[in-house]
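Here the sequence shown is numbered in this note's numbering, starting from 12 and rising by one per residue. Yeah, the Cβ is synthetic: ideal placement off N, Cα and C, and Gly gets one too. Keep in mind that this is a model prediction, so the values were computed, not measured.
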Amino acid sequence: MVGVFGGTFDPVHCGHLAVAQALMEALPLARMVFVPAARPPHRPPPSAAADHRLAMLRLAVGSDPRFVVDECEYEREGPSYMVDTLATLRTRYGAPLALVLGMDAFLGLPTWHRWRRVLGLAHVIIVKRPGWDVPLPAWVRPHVQERGELLLRADAGLAFILATTERPESATALRQALEEGSVPRAWLPPEIPPYIQSHGLYRRSAGHDEV
Ligand code: ATP
């Protein structure tokens, strides 16, 4: 089974990496594939350009062979729909997929393009997040597995909830702090502040994403 960690990564933060590490321990995953969204369809355009977000993600993920950054959404035209990404990754990695979603992202899943098909292509891993302490939607409850290994019983359509220390990091809060001139180093992998600084990202005057 291969984990799929999609996101805008605007910028990548320590919460993303800690969740990925915790999932490698909690689930029978051969690897974790990080997929930066080229043109995210469900939210306002990112602040940093797609190439900067990708470069920062590559720096943060480093050389751990279990972690892969996949550019499949940069290889397509048009909106970066997860359903298309999962179809590509199923072929590319030849293994069942487990889509990682923070609780905020998971609650938005039913608004995604062809979301039922998403559940036909991958399991969902729901990660709790501070500020999102809400009951699980009724539709997912029958699919939730108590242990990670039980996901191996099917190719897709099951769910698992990561019960671990909740991580406070948020890219929105980071961007606000950076715009105001502070650098929240505790929330950022060490490679990221120098990159942000040398490319002048997240300043109040920085432009919007262009791919
Ligand atoms: P933004 O504030 O811009 O939405 P973000 O911090 O949520 O950014 P994304 O790149 O949008 O980061 O997130 C990618 C995925 O990681 C999403 O599924 C999101 O819910 C999840 N995620 C991000 N931060 C955390 C966190 N601190 N704990 C758990 N999940 C997280």
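Considering residue i, what are the terminal residues of the alpha helix (DSSP H) in which it resides?
i    : result
P204 : I203 to H210
A98  : M93 to Y104
G14  : Per DSSP, G14 belongs to no alpha helix (DSSP H); it is in the beta strand (DSSP E), V13 to G18.
L70  : A61 to V72
L109 : Looking at the sequence provided, one finds Ala at residue 109 rather than Leu. No alpha helix (DSSP H) contains A109, which is instead part of the beta strand (DSSP E) from L108 to G113.
From which residue to which residue does the beta strand (DSSP E) around residue i run?
i    : result
H124 : Note, H124: premise wrong, no beta strand (DSSP E); not H, not E.
H53  : Per DSSP, H53 belongs to no beta strand (DSSP E) and is neither H nor E.
H134 : H134 to V138
G26  : Run containing G26: none in the beta strand (DSSP E); it sits in the alpha helix (DSSP H), C25 to A37.
A197 : Premise fails: A197 is in no beta strand (DSSP E) and is neither H nor E.
A184 : No beta strand (DSSP E) holds A184; the alpha helix (DSSP H) holding it covers A182 to E190.
L173 : A170 to L173
V79  : F78 to V80
Answer with buried or exposed for residue i, where buried requires no fewer than 16 other C-beta atoms within 10 angstroms of its C-beta.
i    : result
T96  : buried
R64  : buried
R180 : Checking the sequence shown, residue 180 turns out to be Glu, not Arg. Buried, by the Cβ-count rule.
D21  : buried
D75  : exposed
W150 : exposed
Y46  : It is worth fixing the name first, because residue 46 is Val in this sequence and not Tyr. Buried: at least 16 other Cβ atoms inside 10 Å.
G26  : buried
A182 : buried
L120 : buried
R77  : exposed
E84  : buried
A116 : buried
S91  : buried
V145 : exposed
A41  : exposed
V222 : Residue confidence is low: V222 scores 37 on pLDDT, short of 50, so the model does not pin down where it sits. No coordinate-derived value is stated.
Rank the options by C-alpha distance to the C-alpha of residue i and give the top, closest one.
i    : options                   : result
L38  : R158, D166, R164 and A182 : R158
G73  : T19, P201 and P153        : P201
L70  : S58, H24 and R42          : H24
H124 : P51, G211 and A31         : P51
V194 : L132, R87 and R214        : R214
S58  : Q208, L161 and R186       : R186
G168 : A174, L161 and H154       : H154
I207 : E36, E160 and A60         : A60
E191 : L212, P121, L147 and G142 : L212
T102 : A174, R152 and L132       : L132
T19  : P56, R127, E160 and I203  : P56
H53  : G89, A188, T176 and L163  : G89
R128 : I172, F171 and M93        : M93
Is any heavy atom of the ligand HEM found at a distance shorter than 6 Å from the C-beta of residue i?
i    : result
R178 : The ligand HEM is not part of the structure shown, which contains the ligand ATP as its ligands.
Three or more C-beta pairs under 8 Å: does that hold for the region 14-22 against the region 91-106?
yes
So, do the region 136-145 and the region 107-115 have three or more beta carbon pairs nearer to each other than 8 Å?
The region 136-145 is in contact with the region 107-115.
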